[in-house]
Every structure is written in C-alpha cells, then in structure tokens.
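Worksheet: one structure, shown below.
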Amino acid sequence: MDLSGITSDKVLDARGLTCPMPMLKTKKTLKDMASGTILEVWGTDPGSKNDIPTFVQKGGHQLLGMEDVAEGYTRYLIKKG
Amino acid sequence: MGNNSFWSSTKEEARGLYAALFDKDWPPWMAGLLLAVICTVYVLWRNPWGVIAGYRNWGDWFFYGIGTFADRPLSPLMHNFSLSNIGLLGGALASSLLARQWRFNRQPGIEYIKALVGGVLMGFGSVVAAGCNVGGFYIAVGTFSASGFAMMAGMIIGTYFALRYLLWEIEKFPSKASPPAAPASEKTRKIDWNKVQPYIGGAIILVIIALFYVYGAMDQTMLGGFLFLGMLVGLVMHRSRFCFVAAFRDVFMTGESKMVRAVALSIVAYALLMAVLKWLYITEDGIGVYNRFWLGGLGGGIIFGFGMVLAGGCGSSSLWRAGEGNTKLWVALVPFCLSMSFFYPLLQNAGWFDKLGSAVYLPAVFSWEWTLPLYGIFFLLWVLIALWNEKSEKLVIF
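Those sequence lines, one after another, are chains X and P. Our numbering puts the first sequence at residues 1 to 81. Our numbering puts the second sequence at residues 82 to 479.
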C-alpha cells in the first residue's frame with residue numbers, strides 16, 4: 001500500500017513503548033483532534049498491529065493504512081471519524 | 082519426476098503450515114481452550130500450573146547468594162516451577178523467532194521505573210493473595226477455590242486505579258519515544274536475520290524436547306515434563322498474545338471485550354475439566370485450593386492488579402513478553418522475584434497469613450450441582466457486561 005501520498009496532521013511517536021502505552025496515547029491524542037484530520041502513529045509494539053486497527057474500526061475512525069518501515073518501526077495512518 | 086513433485090508438494094504443505102501457524106496471531110479464544118487443556122495436563126502430571134513458585138525460587142537464590150538466607154534453595158534446574166517458567170520463556174522466545182518478531186526493545190526511562198515499582202507490587206500482592214493472576218485467579222477459580230473470585234474483584238479495582246494513574250502520567254510527563262536501533266545495517270550483514278530467526282526458533286523447541294529426554298535419563302521425568310509443558314504454555318500464549326492484564330484493563334481503557342471473552346471461556350473450560358477430575362475423586366479436592374479467602378485474595382488482588390498495569394505484564398504475560406525481547410519486563414521480573422522472596426517469610430513470621438483468610442472449597446459450600454451452573458452464570462454475566470460496555474462505553478474512563 002502506498003502511503004507516501006498522505007500527509008498527516010499530527011505525528012505520535014510511540015516507538016519503544018509497549019502495551020498499554022501506545023494504545024493509551026493513540027486514543028488520547030485522537031480525542032483531541034478534529035474530525036477528518038489524520039493522525040500518524042509510529043510504533044514498534046507487535047501488539048499494536050492488532051490493537052490499533054481494532055480500536056480504529058470500533059471507534060468509527062478510518063485506518064488509511066499500516067506499513068512497516070525499513071528503519072524498523074510501523075507507521076499507522078488514522079483518519080478521525 | 083515423481084520424487085520431485087512429492088518433495089515440492091511436501092515443501093508447499095510445510096510452507097502452508099508455517100504460514101497458518103506463524104503469519105498471523107492465533108485467536109485468543111482458541112489459545113484459551115488450549116491453555117485449559119494444558120493446565121489440566123499439568124494437574125494430571127503433578128501440580129496445577131503456577132509461575133510464582135518459580136519466581137520465589139529465583140529470588141531465594143539471590144538472597145542465599147548474598148548471605149541473607151541460610152538455607153540453600155533447590156537448584157533452578159531441579160525445581161519444577163522454575164523449570165516451567167524457563168520453559169515458558171523458551172516457548173515464547175521460540176514463538177517470536179518463528180514468527181520473525183523477536184526484537185530487543187529499548188524504552189524510555191520512565192517505563193523502567195514503572196517496571197520496578199510494578200514488579201515489587203506484583204511480588205507483594207502475590208504473597209498476600211497466595212498467587213498471581215495464574216495461581217491466585219485463573220487456577221484458583223478453575224480448581225474451585227473461592228479466593229480466586231476475591232482476587233478477581235481486587236484486580237478489577239487495582240487495574241482501574243492504575244489506569245487512572247497512567248492517564249495522569251501521560252498528561253504530566255509525556256515521555257519521549259525510543260527510536261529502534263538502526264536495523265538497516267542488518268541488510269549489509271552476511272546473515273539475513275529475518276531468514277535465520279525461524280530456524281533458531283525451531284532449534285529451541287528441539288532443544289527443549291531433547292532436554293525432556295535428558296531429564297528422563299536422569300530419572301527426573303517429572304521435572305522434564307514441567308519444562309516441556311511450560312514451553313507449550315509460552316508458545317500458545319505468545320502466539321495469541323494472551324494477556325490477563327488486558328482482560329481487566331481494556332474494559333476501562335477501550336471497551337475491547339476480546340480478552341474478557343477469551344479468559345472467561347478458558348477459565349470455564351478449565352473449571353469443567355477440573356470438575357471432571359475432582360467430582361469423582363480422580364484428583365484430590367484440595368489440589369489448587371490454598372488461597373486465602375477473602376482478605377488475602379481481595380487485598381492481594383488490588384495490589385497485584387495495580388502493579389501489573391504499571392509493569393505492562395502479569396505473572397504469566399511478563400514471562401512471554403520477556404521472551405519476545407521486551408526489556409521492560411526483563412526489568413520488572415527482577416523486583417517481582419526478589420520481593421516474593423523478601424515478603425513471604427516476613428509476612429509468614431509476622432502471622433499475617435492467618436489473618437488474611439483461609440482456603441474455601443466452593444463445592445463443599447454450594448455442592449457440585451449448584452457450583453457449576455453458578456460458574457456458568459457468573460462468567461456469562463462478566464462477558465455480557467463486557468459486551469454491553471463495548472457498545473455503550475459506560476465503564477470506559479476517558
């Protein structure tokens with residue numbers, strides 16, 4: 001999936017953090033953002049690969065994409081619903 | 082021609098099997114059922130599964146080594162629960178290697194502080210409750226020890242307050258992230274780490290199986306069995322990321338009910354299996370029933386619950402997370418083990434244990450005919466509350 005064309009409004013760097021911190025921070029950051037804006041989360045926690053998509057879907061937001069980057073972390077692009 | 086297609090189709094099968102087992106995480110409900118079966122095998126083999134006895138053995142060695150304890154503890158390689166923990170670590174390590182997920186993970190400093198505090202609280206809570214999330218809750222409930230429910234209530238309370246703390250902390254002390262160490266250099270190395278990982282994982286499993294035979298040769302088959310069963314637990318739990326912390330915490334954090342359902346299913350399945358063994362006296366009534374109802378369970382549960390959320394792992398998930406390279410849990414395990422060894426004799430000598438309650442065997446109170454339906458109703462209620470909360474988010478605190 002080519003996510004390079006998407007510019008995010010905010011970047012949440014959660015690299016190195018593990019459960020529950022990435023989820024906690026993502027939810028909190030997303031809450032304070034306006035509808036339609038895009039949050040980019042950087043994470044290394046394997047659990048986030050399940051947690052974030054599930055949360056995004058249940059919360060009425062949209063997961064634009066999720067990709068593993070060469071530098072060794074995962075980018076999640078979330079559009080707030 | 083015939084040989085070629087046989088081997089190539091076998092390779093295809095093997096690749097398909099590998100993909101099915103390791104490409105995606107296992108569903109927690111499935112892992113929960115497997116766990117119930119493995120735990121039953123533990124009981125038939127010798128003892129119900131537990132992790133803190135092993136932690137205490139390791140902690141005892143530290144205090145013996147520095148001269149505080151006079152008695153030499155049993156060697157960690159000859160202690161059944163120590164071996165079970167080592168097996169769990171090995172199984173989780175193997176699982177993460179096989180899934181190409183193992184990584185050494187470095188975290189911001191504040192995470193390690195929480196790991197230390199969480200570890201101490203988990204150790205202390207386990208001593209008070211006479212068990213952690215495994216022996217004090219999962220196994221206790223499954224073997225019909227009333228204190229399991231007291232600990233469950235305690236863990237709900239402890240988790241709630243710990244989550245409140247974490248929310249306050251990310252507001253007041255937003256921590257910097259820790260970018261991963263440059264793995265880009267790995268591509269220039271001769272060995273491709275990604276390709277090698279699964280083979281190392283497979284080798285670890287073979288080593289543990291071989292060790293089972295070694296123990297057998299030493300006439301210690303019982304110990305070898307604990308090592309092997311521990312490995313199965315570690316494998317199953319890591320593959321599914323089975324986490325008791327999530328079952329308690331997610332209700333308040335995101336409303337996610339997945340782990341509640343998985344734990345409820347697993348515990349009911351285990352309880353039914355234990356009922357089969359206990360009802361007709363295949364297994365003694367008292368097996369697994371020693372936790373102190375109710376102050377011990379409740380108080381220990383609150384403290385343990387708070388600690389596990391801080392540390393990011395419970396008694397069992399600390400081990401499998403440590404196995405996948407999560408350094409925060411490496412740090413948490415140290416005070417967990419040490420505080421177990423430290424507080425157990427302290428509380429025992431101070432006469433606390435008698436004041437915290439006594440073992441209560443539920444079928445003796447309610448009879449089997451009532452206990453089993455009550456269990457079914459109780460856990461169904463727990464699941465229904467979690468499902469309701471998922472939709473309404475009434476219990477979610479932010």
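Backbone N, C-alpha and C define an ideal beta-carbon position, used for all residues, glycine too. Treat the numbers as computed from the prediction; the structure is a model and nothing was measured.
Same chain, Cβ closer than 7 angstroms to P/Q482, five either side skipped, listed in chain order
Residue 482 of chain P lies beyond the range of chain P shown here (82 to 479); nothing can be said about it.
Short of 7 angstroms in beta carbon distance, which residues of its chain neighbour P/Y123, apart from the five on each side in sequence? Order them along the chain.
P129, W130 and L310
Throw me the rounded Cβ distance for the P/L155 and P/N166 pair, which I believe falls under 8 angstroms.
So it is not a contact: roughly 13 angstroms between Cβ atoms.
Look up X/N50 in the DSSP assignment and give the residues it is bridged to.
Its beta-bridge partners do not exist; DSSP assigns none.
Strictly under 7 angstroms for the Cβ-Cβ distance: is X/L63 near chain P by that measure?
no
Using only alpha-carbon positions, find the residue among X/G5, X/P53 and X/K27 that is nearest to P/I480.
Here chain P comprises residues numbered 82 to 479, so residue 480 of chain P is not present and cannot be evaluated.
Do three or more CB pairs link the region 202-219 of chain P to the region 368-387 of chain P at distances below 8 angstroms?
yes
Residues in the region 173-188 of chain P with C-beta within 9 angstroms of chain X's C-beta atoms, listed in sequence order?
S177, A180, Q182, R184, N186, R187 and Q188
Counting only beta-carbon separations shorter than 7 angstroms, does X/R75 have a partner in chain P?
no
Buried or exposed: where does P/S86 fall if 16 or more other Cβ atoms within 10 Å of its Cβ makes it buried?
exposed
Runs of 4 residues minimum, wholly inside the region 291-360 of chain P: which ones carry the alpha helix (DSSP H) assignment?
302-321, 325-334 and 339-360
Kindly indicate if chain X contains any beta-carbon less than 7 angstroms away from that of P/R245.
no
Secondary structure of P/R152, DSSP reduced to three states
Before going on, a small fix: residue 152 of chain P reads as Asp here, not Arg. It is coil, neither helix nor strand.
Answer with buried or exposed for P/S90, where buried requires no fewer than 16 other C-beta atoms within 10 angstroms of its C-beta.
exposed
From P/S207 to X/F55, what does the alpha carbon distance come to, in whole angstroms?
32 angstroms
How far does the beta strand (DSSP E) with X/T7 in it reach, from first residue to last?
Careful: X/T7 lies outside any beta strand (DSSP E) and carries neither H nor E.
Bridge partners - X/L77, DSSP secondary structure assignment:
X/E40 and X/G65
Beta-carbon within less than 7 angstroms of P/G377's beta-carbon, same chain only, minus the 5 sequence neighbours each way: which residues are those?
V209, A210, A211, S228, L437 and G438
Residue from P/F103, P/S448 and P/L427 with nearest C-alpha to P/A173
P/F103
Would you list the residues sitting across from X/D13 in a DSSP beta bridge?
X/W42
Run through chain X and tell me which residues come within less than 8 angstroms of P/F479, C-beta to C-beta.
K27, K28 and K31
C-alpha gap between P/S266 and X/G72, whole angstroms
Because P/S266 sits at a pLDDT of 48, beneath the cut-off of 50, its placement in the model cannot be relied upon, and the point is left open.
6 angstroms CB neighbourhood of P/G305 in its chain, flanking five on each side removed
F293, Y296 and G297
Closest residue to P/A231 among P/L461, P/V441, P/I466 and P/W451 (Cα-Cα distance):
P/V441
CB contact below 7 angstroms: X/P53 versus chain C
Reference to chain C is not applicable here, since the protein chains of this structure are X and P.
Any C-beta of chain X within less than 8 angstroms: which residues of the region 331-350 of chain P qualify?
M334, T335, G336, E337 and K339
With C-beta atoms as the reference, is X/K79 less than 7 angstroms away from X/I52?
no
Output yes if chain X places a C-beta closer than 7 angstroms to the C-beta of P/G396; else output no.
no
P/L419 to P/G315 span [Cα, whole Å]
22 angstroms
Contacting positions in the region 8-23 of chain X - beta carbon closer than 7 angstroms to chain P
D13, A14, R15, G16, L17, T18, C19, P20 and M23
Cβ of P/V482 within 7 angstroms of Cβ of P/T224?
This structure cannot settle anything about residue 482 of chain P, because the visible part of chain P is limited to 82 through 479.
For the alpha helix (DSSP H) holding P/D141, just list the boundary residues, first then last.
I133 to G146
Where does the unbroken alpha helix (DSSP H) through P/Y362 begin, and where does it stop?
Neither: P/Y362 is in no alpha helix (DSSP H) and is coded neither H nor E.
Neighbourhood of X/G60 by C-beta, 7 angstroms cutoff - its chain only, sequence neighbours within 5 removed
G81
Which of helix, strand or coil does DSSP assign to P/N128?
coil
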